[in-house]
Amino acid sequence: MDNYLKEEEELFLRTYKRIPINISHGDGVHLIAKDGTRYLDFIGGLGVNALGHAHPRIVEAINKQIAKFSHLSNYFITDIQLEFTAKLLKYSNMSKAFLTNSGAEAVEAAIKCIRRLKGSEGEIFSLTNSFHGRTYGALSLTDRKEYKKGFEPLLPKISTIKFNDEEDLQKKINEKTAAIFIEFLQGESGINLISTQFVKLLAELKQKYDFAIVADCIQSGVGRTGKPFAFNHFDVSPDIVLIAKSIGGGLPLGAMLTNGEFDESFSYGLHGTTFGGNPVSCAAGLVVLEQVFENGLIKNAVDLGNYFKSELEELNNLFPDKIIEIRGLGFMIGVEMNDNCTLLIENLIKKNVLANCTNKNVIRLLPPLITTKNDIDFFLYNFHEVLKNS
Numbered sequence: 005m006d007n008y009l010k011e012e013e014e015l016f017l018r019t020y021k022r023i024p025i026n027i028s029h030g031d032g033v034h035l036i037a038k039d040g041t042r043y044l045d046f047i048g049g050l051g052v053n054a055l056g057h058a059h060p061r062i063v064e065a066i067n068k069q070i071a072k073f074s075h076l077s078n079y080f081i082t083d084i085q086l087e088f089t090a091k092l093l094k095y096s097n098m099s100k101a102f103l104t105n106s107g108a109e110a111v112e113a114a115i116k117c118i119r120r121l122k123g124s125e126g127e128i129f130s131l132t133n134s135f136h137g138r139t140y141g142a143l144s145l146t147d148r149k150e151y152k153k154g155f156e157p158l159l160p161k162i163s164t165i166k167f168n169d170e171e172d173l174q175k176k177i178n179e180k181t182a183a184i185f186i187e188f189l190q191g192e193s194g195i196n197l198i199s200t201q202f203v204k205l206l207a208e209l210k211q212k213y214d215f216a217i218v219a220d221c222i223q224s225g226v227g228r229t230g231k232p233f234a235f236n237h238f239d240v241s242p243d244i245v246l247i248a249k250s251i252g253g254g255l256p257l258g259a260m261l262t263n264g265e266f267d268e269s270f271s272y273g274l275h276g277t278t279f280g281g282n283p284v285s286c287a288a289g290l291v292v293l294e295q296v297f298e299n300g301l302i303k304n305a306v307d308l309g310n311y312f313k314s315e316l317e318e319l320n321n322l323f324p325d326k327i328i329e330i331r332g333l334g335f336m337i338g339v340e341m342n343d344n345c346t347l348l349i350e351n352l353i354k355k356n357v358l359a360n361c362t363n364k365n366v367i368r369l370l371p372p373l374i375t376t377k378n379d380i381d382f383f384l385y386n387f388h389e390v391l392k393n394s
């Protein structure tokens, strides 16, 4: 074992299985190891690095803001927070925001928001195989037994509805329903897209029972799927939208966005955060919004995402014994394999390509939105080689 991994083992709680590469720095869609090896990064910080690594506009914005002040506390509101939040609400078509450090913190805020407005007795639902985070409330919504084991009891009055099962949705939603949390494109469970029919029924039931729809776009937001947010692929208007990951350009930043009655769900002192909406993070976030929504990166995710998927489907045709299915939207793509994909990921690393294995047998691809056709072709060539020799 390399010395830096031994040191990590001595210093940190055992929560992450590290990739054995000692990174020196990043450059666009690439990570460069200390030994000089250059890797194509299609892990993308698990959906964080929408503009890649060391984007010059982000570096400039961070340096400019940090030279003024890095933190004031939320007793103050700053110009950069106002500018960032105004753009965020404009592009999300929501009306108010609560800024956070992370996706899990945004989820926690939403749970409090719903309980405050809908009362303590209503049932909150998430979908099977969902992932909403690992903090206590977020974990209560997450439908992954391996993450919950040993941490029960979790929050009461939280249940699941079977993913894309209209019959189960119809059966469980009623006048006692407070809210349903939905990843319109699930990430952690293997890139699973909600069906149009399921969303149509959901909207009809909402009209009847007046529960809240909470769109968790933490991984699938900010242009990644080829729309501003994953829910924009459907005819639905969420009451609450949750975002994080790519919105901060690599710095900790998230948000709970609200519409309608939820705009008035909190009053002074009922909720807060020390670092949420940090000015330096907001400076980086403003650059992300400008680049994604005003400089053509959503179109890039659509055009090259479609190209990427079609080429992966060709590989599926070539290797039907190894690949089950290609699915996803834009630059959020899953390649479901016939077997555990850990070895494939290790072999890709040997080809200087970084990708992620999730749900045991799905290769999750989250390339930066600045990815080019040449980058995709490099991945495809090396993935083909790995499949051919596996």
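The numbering used here puts the last residue of the sequence shown at 394; the count rises by one with no breaks.
Cβ coordinates follow ideal geometry from the N, Cα and C atoms, glycine included.
It should be emphasised that the depicted structure is a prediction, and the values quoted were computed from it without experimental measurement.
Residue 172 places its beta carbon 7 angstroms or farther from that of residue 162. Bounds of the beta strand (DSSP E) holding residue 29 are 27-31. A direct Cα-Cα distance of roughly 12 angstroms separates residue 30 from residue 60.
Spanning the alpha carbons of residue 367 and residue 194 requires a straight line of approximately 8 angstroms. DSSP, reduced to helix, strand and coil, places residue 286 within a helical segment of the structure shown. Residue pairing for residue 368: DSSP places it in a beta bridge opposite 338 and 360.
Residue 224 is positioned such that its CB atom lies no closer than 7 angstroms to that of residue 252. Under DSSP, residue 163 forms a beta bridge with 129. Here residue 75 is exposed. Its C-beta has fewer than 16 other C-beta atoms within 10 Å.
Taking 7 angstroms as the cut-off, the beta carbon of residue 288 is found closer than this to the beta carbon of residue 62.
Boundaries of the alpha helix (DSSP H) around residue 346: 346-354.
DSSP links residue 329 through a beta bridge to 340. Under the 10 Å beta carbon count, residue 42 is surrounded by fewer than 16 other beta carbons and is classified as exposed. Residue 251 sits in a helix when the DSSP states are folded into three classes.
With fewer than 16 other Cβ atoms from the protein chains shown falling within 10 Å of its own Cβ, residue 18 counts as exposed.
Of the candidates 382, 79, 394 and 150, the residue whose Cα lies closest to the Cα of residue 273 is 79.
Between the alpha carbons of residue 328 and residue 357 lies a gap of roughly 21 angstroms. For residue 278, the closest C-alpha among the options 9, 104, 47 and 89 is that of 104. When the Cα atoms are used, residue 190 and residue 203 turn out to be separated by approximately 14 angstroms. With a 10 Å radius around the Cβ and a threshold of 16 neighbouring Cβ atoms, residue 22 comes out exposed.
Burial check for residue 310: the Cβ neighbour count within 10 Å stays below 16, so the residue is exposed. Between residue 315 and residue 391, the beta carbon gap of about 13 angstroms keeps them out of contact (Cβ cut-off 8 angstroms). Within a 10 Å sphere around the beta-carbon of residue 363 sit 16 or more other beta-carbons, which makes this residue buried. Between residue 248 and residue 222, the gap from beta carbon to beta carbon is short of 7 angstroms. For residue 88, the uninterrupted alpha helix (DSSP H) segment begins and ends at 83-96. For the pair residue 283 and residue 95, the CB atoms are not nearer than the 7 angstroms cut-off.
A check of alpha carbon separations from residue 244 across 72, 263 and 136 identifies 263 as the nearest. About 21 angstroms separates the Cβ atoms of residue 115 and residue 154, ruling out a contact at the 8 angstroms cut-off. The C-beta of residue 242 has 16 or more other C-beta atoms within 10 Å across all chains shown, which makes the residue buried.
Assignment of residue 244 by DSSP, reduced to helix, strand and coil, places it in the strand class. With contacts defined as CB atoms closer than 7 angstroms, residue 372 and residue 48 qualify as a contacting pair. The C-alpha of residue 393 is placed about 43 angstroms away from the C-alpha of residue 111.
Residue 109 counts as buried, since no fewer than 16 other beta carbons sit within 10 angstroms of its beta carbon.
A straight line joining the alpha-carbon of residue 322 with that of residue 352 spans about 18 angstroms.
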